[in-house]
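Working notes, structure below.
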Amino acid sequence: MTTLDYVYKQQNQHNQELNLSADDYSLLTDLYQLTMAACYTGEGIEQRRASFELSVRRLPEGFGYLIAMGLTQALEYLAKIRFSSAQIAALQATGIFAHAGDRFWSLLAEGKFTGDVWAVPEGTAVFANQPLLRVEAPLWQAQLVETYLLNTINYQTLIATKAARLRDVAGESATLLEFGTRRAFSPQGSLWAARAALAGGLDSTSNVLAALQLGQQPSGTMAHALVMALSAIEGTEEQAFSAFHRYFPGAPLLIDTYDTIAAAGRLAEKVNSGEMQLTGVRLDSGDLVTLSKQVRSLLPGVPIFASGDLDEWEIARLKAAGAEIDGYGLGTRLVTGSPVNGVYKLVDIDGIPVMKQSSGKVTYPGRKQIFRSFTGGKVKADRLGLLGEIPVDEEPLLQLVVQEGQRVQPLESLATIRQRTAASVASLPQQTRLLDHPVAVEVEISEGLRVLTEKTKKRTAEAQRTQR
């Protein structure tokens, strides 16, 4: 694509489909990241060393913890971010940067990410006001990457946390399937949701592309449309089941299109006569407690799956009511829900600690570390301190994962992240894992961080008085 073609495409985008490729990631940002980078460049401070930390101000309502996720995609983005000549021309054509100097354009043309990244490993349980990730880089670079990092980490952390809660409630023996592709916020979002769900504890996904890219086996059953279509053409629901089973004998059958109990009864006759080996049935509507018990009485050895706008609270209710369900399909309420309010804030510039003091949005200054202590295998407390502090019978959670733009730790497998998620949840106090009124682990502020916070407030106040 030539520069003119790219510019023309951007100027006429309202008439075209919006597509995304890895080459576009540099422009997948908020405008103010670029305008701030231009301002930094104009002021001659773009290369000053800056540290930004990504944290969550408060947990979503009803959550006692979060499971950090999305680091893999964040690091892939940082490794690939580049500005092509066509992209630079497209930015120039907007007219917004008319007063930006040549140095800004040279910076974009020649630039790549050269900083360091500290992060908690994916699958780690975290709490409010703890940094999930810190970027230490030249100011313009650290600023520019904010939008994409928040996008992938906020969303995947939400999905992984919900998946971990679902697994915790359903138990290890239940089969949990991710069915959320059609409800995810975008095609890209559906891939991230599938990955985060698997890493958070689900067994498989129906998203074929996500499964194959992750080296997993996709899972699924059937839709009511097949039952209705084959019933209409071939005569009966029973014939529809037989036809599908002929081609996919390992797939569960969806039995609630017409009369759930009648369908289960007819299938029981085939199973009892040896005519069919049934690997599972799925219920997608109705009173799942009553229906599952009736189906179990007819098909005692056949796994029963349930679906239909389920979440962790509904699964808990079904279990408490004695529902005979072996597995669950999770869709809408898994891939949507209360957002994770992650923020990305400057904490140090050129060795000077800084903090935001806006009402309700105060941040702690300086580069920080999370120190976690355990007792009897359970998390006892977290201490939020400064990077240089020495742990005392504690585990530092933030690890150096990128140094001078290069990864210093190998890419982790999905199985490794899933195991860490399970171990993290198991290590939490029971009161933190509750669905109703959970109590988050106490996060203490170290003396060093407390002193630095007071000094930073005092310095800022003095500067404001001098200004007046």
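If you read the sequence shown in the numbering used here, its first letter stands for residue 84, the second for the next number, and so on.
From the three backbone atoms N, C-alpha and C, an ideal C-beta is built for every residue, glycine too.
Do residue j and residue i count as a contact pair if the criterion is CB distance below 7 angstroms?
i       : j       : result
Leu-309 : Ser-287 : no
Gly-384 : Thr-362 : no
Leu-222 : Tyr-123 : yes
Leu-532 : Leu-480 : no
Tyr-447 : Glu-229 : no
Asn-290 : Ala-306 : no
Glu-525 : Arg-466 : no
Gly-298 : Thr-504 : no
Gln-224 : Gly-198 : yes
Ser-138 : Pro-214 : yes
Phe-388 : Pro-335 : yes
Ala-151 : Val-203 : yes
Arg-132 : Asp-433 : yes
Leu-337 : Thr-304 : yes
Ser-390 : Asp-367 : yes
Gly-443 : Leu-233 : no
Val-559 : Glu-129 : No answer is possible for residue 559: it lies beyond the span of the chain, which begins at 84 and ends at 551.
Met-438 : Thr-549 : no
Let me know the secondary structure DSSP gives residue i once reduced to three states.
i       : result
Thr-112 : coil
Ser-134 : strand
Ser-287 : strand
Asp-199 : strand
Leu-87  : Only weak support is given to the placement of Leu-87: the predicted model assigns it a pLDDT of 48, under 50, and the question is left unresolved by the model.
Glu-472 : coil
Thr-536 : helix
Glu-228 : For the record, residue 228 in the displayed sequence is Val; it is not Glu. Coil, per DSSP.
Tyr-123 : helix
Gln-96  : Only weak support is given to the placement of Gln-96: the predicted model assigns it a pLDDT of 48, under 50, and the question is left unresolved by the model.
Gln-486 : strand
Leu-382 : coil
Leu-260 : strand
Glu-79  : The requested residue 79 does not occur in the structure, where the chain is confined to residues 84 to 551.
Pro-436 : strand
Lys-451 : strand
Ala-351 : helix
Ile-555 : In the structure as shown, the chain starts at 84 and stops at 551, and residue 555 therefore has no counterpart that could be examined.
Val-491 : coil
Leu-216 : strand
Glu-527 : strand
Gly-272 : helix
His-182 : coil
Asp-519 : coil
Thr-543 : helix
Ile-242 : helix
Taking 8 angstroms as the limit between beta carbons, can you name the residues of its chain near residue i, skipping five residues before and five after?
i       : result
Asp-342 : none
Gly-405 : Val-372 and Lys-376
Asp-315 : The residue asked about is misnamed: residue 315 is Ala in this sequence, not Asp. Contacts found: none.
Ala-105 : Lys-163
Gly-348 : Leu-381
Going along the chain, which residues of its own chain have a beta-carbon closer than 7 angstroms to the beta-carbon of residue i, five neighbours each way excluded?
i       : result
Lys-195 : Ile-164, Arg-165 and Gly-488
Arg-416 : Asp-392, Leu-393 and Asp-394
Thr-112 : Leu-227, Thr-230 and Tyr-231
Ser-456 : Lys-463, Ala-464, Asp-476 and Glu-477
Arg-329 : none
Gly-420 : Leu-241 and Lys-245
Gln-547 : none
By DSSP's criteria, residue i is part of a beta bridge. Which residues make up the other side?
i       : result
Phe-553 : Outside the displayed range of the chain (84 to 551) lies residue 553, so it cannot be described from this structure.
Ala-464 : Ser-456
Leu-429 : Phe-135
Val-209 : Leu-149
Leu-337 : Arg-365
Pro-221 : Arg-132
Leu-190 : For Leu-190, which the question treats as bridged, DSSP gives no partner whatsoever.
For residue i, I'd like the list of residues in its chain whose CB is within less than 6 angstroms of its CB, leaving aside the five on either flank, ordered along the chain.
i       : result
Thr-543 : none
Ala-280 : Ile-242, Ala-246 and Glu-261
Gly-414 : Phe-262, Gly-263 and Arg-266
Pro-521 : Gly-147 and Thr-515
Ala-211 : Val-139, Arg-141 and Leu-142
Quick test of your reading: residue i and residue j, contact by CB under 8 angstroms. State the CB separation rounded to the nearest angstrom.
i       : j       : result
Tyr-108 : Tyr-231 : 7 angstroms
Asp-409 : Pro-386 : 4 angstroms
Val-484 : Val-200 : 5 angstroms
Ala-523 : Leu-216 : Actually they are not in contact, since the Cβ atoms of Ala-523 and Leu-216 sit about 20 angstroms apart, beyond 8 angstroms.
Ile-398 : Ala-282 : Between Ala-282 and Ile-398 the Cβ distance is about 19 angstroms, and since that is not below 8 angstroms, they are no contact.
Thr-235 : Ala-157 : 5 angstroms
Ile-171 : Ala-192 : 6 angstroms
Ala-351 : Leu-382 : 5 angstroms
Gly-284 : Arg-501 : 6 angstroms
Leu-103 : Gln-271 : 6 angstroms
Leu-511 : Ala-208 : 6 angstroms
Thr-340 : Met-359 : Contact flag wrong, Cβ pair sits at about 18 angstroms.
Please determine whether the Cβ atom of residue i lies at a distance below 6 angstroms from any heavy atom of the ligand ZN.
i       : result
Gly-206 : Ligands in the displayed structure: none, and consequently the ligand ZN is not present.
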